[in-house]
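Residue numbers (my numbering), protein chains in the order written: chain V, 25 to 406; chain X, 35 to 433.
Glycine included, each C-beta is placed from N, C-alpha and C at the ideal position.
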Amino acid sequence: MKTEHSLTESLREYMNHNPTRKDLTDALTPRTRDIKLTKLQPSQSLESEIETLLSLARNGIEQHNEPVVLIIEWEKRTHKLKMNYPYHGFETLKDPPAMKIAVLLSLLSRISAIAKSRDICTIRDVFYLNVELYKSQQIVSESLRDIAESFQLSDLNALGIVAAQKGLCCTPVELSFDIDKLILKNQKSLVPLMTPTTELSGNWSLVKRVVVLEKDAIFSKLAENPLINQQCILVTGKGFPDWLTRHFLYKMMLSCPPTVLFEIYTDSDPYGIEIALKYIYNDVNTVYQCPRLVYRGVMIQDLLQSGDTVHRGLQLLDLSARDLSYAMNLLKRLVNTTLKASKKRLLMREVQRQMFYQKKAEMNTVHGADFAKYLVTKSGTT
Amino acid sequence: MSKLYISTTNCGKAHESDIFGIALSSPYTATVSGDGSLKLWQNRLMDGDKPKEHVLSKFVHKTGLHHVDTFHSVEQGGLEVFLVACVSFSGQLFLYSVDPKTGTFEELDLLSKNEKQRSYWCVKLFKSADRAVSHKMVATDVKGSTLVWTLKLLKPDEQDEIQDPEAIRERDIHLEALGEIPATEAKFATSVDISVKGIVATGFQDGSVVVSQLETLRAIYNFEGFGIKGTEESSGTVRDVKFSPLGGLLAVANDSGSYGCVTLYETQYGERVGNLTVPTHSSQNSMASFTHDGWVFGVSFNSTGEFLATCGYDGKVRVWDVKQRERLSTLNISAGDIEEEEDIVSQDENGDSLKTPPVMGVTFINKGVRGGIGGDTNEGLACVCLDRSVRWFREAGGV
C-alpha cells in the first residue's frame, strides 16, 4: 500500500505488511553495504586497495544512504570482526563500534596518504595527528596491527608505519647503506630505518668489535671514550631492545667480516640475561636475531674478583622474590630454546649463579664504576 | 694444635657445569650440578681405582640442580635404604631411592599435588638413630616456609606391641607431612637443618636465622646476622646452617659484604657462643673479622662435634676446633692439583681464571666410610669446587 503522501511507512503499516516478527525485523533492517578487508591481491597496490575501500564506504554513506558493514577477517584468528556504521539493529552490543570504525577508517586514509607520498612515519606521528579520536597510542598500534593482519602483511613496515626508533649506535667509521644514506662516524645516532635489501658498508678493517650495551648511560660514556670509540661500534637498545635495533644487528652481522667480534654486556641480573637472549635468539623471525653475539658480562664473578678488597661485593644487591621467580621462568624457557649449546650453557650458568648466590648487580658498578676499563680488560682476555 | 689433611683422590671435570652441592653418606658421595645431573661417587675405592670409573650418574632436570642430601640407613631386619633428595633450579624437589647393590635409581613420587606446586630451594634428610624417633625430611621454599615430613621406610606394622626385631618388614617409603613453619614475611629461605633434639633451623637471605621447635612448629629463637652491613642492609645472606651431631650447637654461615662469617650459637638458651675468625694482621683488612675471605657456602661438623669444616669463595677449606674456636687447618685448593692433567679446568669458557676455584660445598667423612689407607682410623673431608671437581681428603697420621 505505497502512497505518494508518505515516503516512509508507519509502524502500523509495517506491522500489517509483515505479520511475523521475523518479517518485521527483515523489513526494518536497512540494506547494507559490506566492505571486507582481506588479503591484498598481488596485482593491487596498498594505496589503490585502500582507495577502493574508502570510496566504497563514502559512496555508501553519502549517496546511497546505506549503512556500511566493515568486516575484518584474519587468517590466524577464527572469528571475524563485523562493525555497522551508522549503527543499526538491536542494541545487543555494549558499545556500538562507531569509535572503532572511525579509528580504522581514519587510519586507512592515513595509510593511503603515507603511501601516496612514499614516506614513512612512526606510530607516534600518526597518533598525534588526531589525539582526540585515537585517545591513546596503544589503540593506534593495535588498530594498525589489525589492519596489517587483515591485509596479511608481515608487519607494520609494509603499511609505511614504523615504531619510533629507540636504539642508538655510534661507529668509528662511516657506514653507508641504501642509496646515499649514511651513519656518521663518532656521533651518537638513532638506529636507522632499513629496508629488507639494506646492506651496510664501511671500512670494516678499522672496526674490531661490535659492542651491544644494555644501558644508555654506559653507551654514552663509552661513546666519548677515545679508547673505545676508535675501534668499536657501540649499540644500545636502551633496556629491552626494540625490533629495529635487533634487525640492525642482524644486518650488521651479515655485512661485517668474520674478524669483527660481536659482544653483549648487560646488568648482572635475570633481566640482563633475558635482554642478551632477546638479541641473540628469537623464535619468531630470524631477521631479528644476531647469533654471532657473545654474552660477555657483566658476570657476577667479575664483581667479586675485582681488586678493590674494601668495597668488593658491597655493590651487589639481593635478588628479590620477583627476580627469583623471573629467573626460574627464564631458565625454563632458556632450556627449551634451540640456541647453540655452548651459548645456552653460558647463559644458563649465569642465571644459575645469580640464583645460587642470590645476588645481582648493575653493570655501572663494575671495576670501581669504570666500565671502559672493564671493557678493555675483558677484551684482553680473548 | 693443628691438623693436616692430605688428598686421597680427586676428580676433575666431574660435571659439565658448576657443581653446587655435595652430600655424603656411607656408600656414596653425592654431587649435583648446573648441568642437571646427580652423580653418586662410590666411597670405597680400591687402590688405583679412579672415581670416574665408579660413579652412578642420573640426569634429573635440565634447568640444573643445586641442593642435595643423602640418607643411608640399615633398618631392622637388615633392609638397606639409600635415598637422595635434590632440588632443581626450577624449584622442583626430586627423591630417588638407589639400590647400592645394583646401582639402579628409582624415582619416588612422594609429594602430594599441593606440595608439588611449591618452589623449593633447600632440602635435608634427617636420619634418626633412635628407634622411637622417626626419620625426617625438611625443605624450604622460596617464599620462606619450612616444610617438615616424617620419612617412613617400612610398611606400618599392625601389631606394634609384639615387635620381632628380626622380622623382615616390607619396604614402603613414604612421607607424612608434619606441617609447615611459615615465614613471618615472605623472604627467601636459603638453608635449613634439623637436629637430633627436634629443632629446625632455617636461614634466610636477609641474614636472620629462625630456630623452631618441631613439636609445635613454632619459632623459639631468632638470630640476626653480625656481619658488617653493606650500604644496603642486605649483605648478610645466610648460606648454610648446621646443627652439631648432638644438637647442642648451631653453626651459621652468613655473608659479611664479600667476606664470609661463621657464628656458633648454643641451642638450648639461644645464646651466641662466638665467631670463627682468622686473625687479620694485614694493613688492608684491619677492621674485618671473618672466617673466609669470601662467602662461606658450606659448614660441616665431624661425627663427634669437635671439629667444624668451612669452605668459601676464597678457594679454601678450613677446619676449626669448636671448643676453642681456633683454626686447626687450612686447605688451599688449586685447580692444578687435579690428578688427571686433562681434567684440569684452570679457566672457564669466558677466560675467567679458576686457578683458585671457589669451594661450593664441604662435608666431613666419618671413619670407615672411604676405606683405603687410613680410611678406617682417620676422618676425612670431601669438597666440590667451581672448577667442576670433587676432592677427597683424609687426616694425616695414625696409619
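Residue i: CB within 6 Å of a non-hydrogen atom of the ligand GTP
i                 : result
Ile299 of chain V : As for the ligand GTP, it is missing from this structure, which has no ligand bound.
Separation of residue j from residue i, as counted between CA atoms
i                 : j                 : result
Ser60 of chain X  : Thr411 of chain X : 15 Å
Leu317 of chain V : Leu341 of chain V : 27 Å
Leu157 of chain V : Val164 of chain V : 10 Å
Arg352 of chain X : Gly55 of chain X  : 18 Å
Asn309 of chain V : Trp267 of chain V : 10 Å
Asp407 of chain V : Pro281 of chain V : Outside the displayed span of chain V (25 to 406) sits residue 407 of chain V, for which this structure offers no information.
Leu230 of chain V : Gln255 of chain V : 6 Å
His112 of chain V : Glu238 of chain V : 53 Å
Asp421 of chain X : Glu204 of chain X : 43 Å
Leu278 of chain V : Thr219 of chain V : 14 Å
Leu127 of chain X : His100 of chain X : 11 Å
Glu99 of chain V  : Glu73 of chain V  : 18 Å
Lys12 of chain V  : Thr221 of chain V : Any question about residue 12 of chain V goes unanswered here, given that chain V covers just 25 to 406.
Ala300 of chain V : Met35 of chain X  : 52 Å
Thr32 of chain V  : Pro43 of chain V  : 18 Å
Lys397 of chain V : Lys302 of chain V : 26 Å
Val424 of chain X : Phe398 of chain X : 13 Å
Lys47 of chain X  : Thr271 of chain X : 29 Å
Pro294 of chain V : Met80 of chain X  : 45 Å
Val243 of chain X : Leu58 of chain X  : 25 Å
Range covered by the alpha helix (DSSP H) that runs through residue i
i                 : result
Trp267 of chain V : Trp267 to Ser279
Tyr350 of chain V : Ala345 to Val359
Met39 of chain V  : Leu35 to His41
Met80 of chain X  : No alpha helix (DSSP H) holds Met80 of chain X; DSSP gives it neither H nor E.
Asn108 of chain V : Taken as a continuous stretch (DSSP letters only), Asn108 of chain V belongs to no alpha helix (DSSP H), being part of the beta strand (DSSP E) at Lys104 to Tyr109.
Run of the beta strand (DSSP E) containing residue i, from where it starts to where it stops
i                 : result
Ser122 of chain X : Glu114 to Ser122
Ala81 of chain V  : No beta strand (DSSP E) holds Ala81 of chain V; the alpha helix (DSSP H) holding it covers Leu70 to Glu86.
Asp289 of chain X : Leu283 to Ser290
Arg428 of chain X : Ser423 to Glu429
Gln247 of chain X : Val243 to Gln247
Ala211 of chain X : Arg205 to Ile215
Ser67 of chain V  : Ser67 of chain V -> no beta strand (DSSP E), and no H or E assigned at all.
Selected residue, minimal CA-CA separation from residue i, among the options
i                 : options                                   : result
Asp133 of chain X : X:Glu87, X:Leu74, X:Met80 and X:Ser146    : X:Leu74
Leu260 of chain V : V:Ser229, V:Leu328 and V:Thr290           : The sequence shown places Thr at residue 260 of chain V, not Leu. Taking only the C-alpha atoms, the option nearest Thr260 of chain V is V:Thr290.
Phe335 of chain X : X:Gly294, X:Val286, X:Pro313 and X:Lys84  : X:Val286
Glu287 of chain V : V:Val235, V:Ile85, V:Lys46 and V:Cys193   : V:Val235
Ile254 of chain X : X:Gly82, X:Arg273, X:Ile233 and X:Thr271  : X:Ile233
Trp329 of chain X : X:Thr338, X:Gly339, X:Glu340 and X:Thr344 : X:Thr344
Leu399 of chain V : V:Arg233, V:Leu129 and V:Tyr350           : V:Arg233
Ile53 of chain X  : X:Cys417, X:Arg428, X:Leu298 and X:Ala430 : X:Cys417
Leu142 of chain X : X:Leu117, X:Ala163, X:Tyr154 and X:Thr136 : X:Leu117
Leu212 of chain X : X:Asp227, X:Leu188, X:Val182 and X:Asp206 : X:Val182
Phe34 of chain X  : X:Val115, X:Tyr130, X:Ala57 and X:Glu114  : Chain X is shown only over 35 to 433; residue 34 of chain X falls outside these bounds and no answer can be derived.
Val396 of chain X : X:Thr65, X:Val243 and X:Glu114            : X:Thr65
Ile207 of chain X : X:Leu188, X:Ser225 and X:Glu214           : X:Leu188
Met387 of chain V : V:Ala188, V:Ser366 and V:Arg320           : V:Arg320
Lys402 of chain V : X:Leu415, X:Thr224 and X:Ser387           : X:Ser387
Contacts of residue i in chain V (Cβ-Cβ under 9 Å)
i                 : result
Asp386 of chain X : Met323, Gln325, Asp326, Gln329 and Thr405
His100 of chain X : Gln376, Met379 and Phe380
Val176 of chain X : Ala345, Leu348, Ser349 and Met352
Thr271 of chain X : Asp342, Tyr381, Gln382 and Lys383
Beta-carbon neighbours of residue i, restricted to chain V and to distances below 8 Å
i                 : result
Ala220 of chain X : Ala345
Ser153 of chain X : Ser349 and Met352
Ser59 of chain X  : Correct list: empty, because the minimum Cβ distance to chain V is about 23 Å.
Chain A within 7 Å of residue i, Cβ atoms only
i                 : result
Gly125 of chain X : Absence of chain A from the displayed structure is noted, the protein chains being V and X.
Neighbouring residues, chain X, relative to residue i (Cβ below 9 Å)
i                 : result
Arg369 of chain V : Glu50, Ser51, Gly68, Asp69 and Glu383
Ser292 of chain V : Within 9 Å Cβ-Cβ: nothing; Ser292 of chain V doesn't reach chain X, min ~13 Å.
Ser14 of chain V  : The shown model of chain V, from 25 to 406, leaves out residue 14 of chain V, and the question about it has no answer.
Listed by chain order, chain V residues near residue i by CB distance under 7 Å
i                 : result
Gln239 of chain X : Asp342 and Gln382
Phe54 of chain X  : Phe380
Interface residues of chain X facing residue i [CB-CB closer than 8 Å]
i                 : result
Val359 of chain V : Lys96 and Thr97
Lys356 of chain V : Thr97 and Ser124
Asp372 of chain V : Here residue 372 of chain V is Met; the residue named in the question, Asp, does not match the sequence. The contacting residues are Ser51, Gly68, Thr97 and Gly98.
* Spell out a yes or no on whether the stretch 245 to 252 of chain V and the stretch 150 to 170 of chain V are touching, meaning 3 or more CB-CB pairs, one atom from each, closer than 8 Å. => Counting Cβ pairs under 8 Å, fewer than three are found: no touch.
* Do the stretch 116 to 128 of chain X and the stretch 61 to 81 of chain X make contact, defined as three or more Cβ pairs closer than 8 Å? -> Judged by pairs of C-beta atoms under 8 Å, the stretch 116 to 128 of chain X touches the stretch 61 to 81 of chain X, as three or more such pairs exist.
* Asked: On the three-pair Cβ rule with 8 Å, is the stretch 386 to 401 of chain V touching the stretch 81 to 92 of chain X?
  -> Short answer: they don't touch.
* To do: Tell me, please, whether the stretch 214 to 221 of chain X touches the stretch 171 to 186 of chain X by the rule of three or more beta-carbon pairs shorter than 8 Å.
  => Cβ pair count under 8 Å is three or more, so yes.
* Per the contact definition of three or more C-beta pairs closer than 8 Å, is the stretch 49 to 65 of chain V in contact with the stretch 87 to 97 of chain V? -> Contact between the stretch 87 to 97 of chain V and the stretch 49 to 65 of chain V is present, because at least three Cβ pairs lie under 8 Å.
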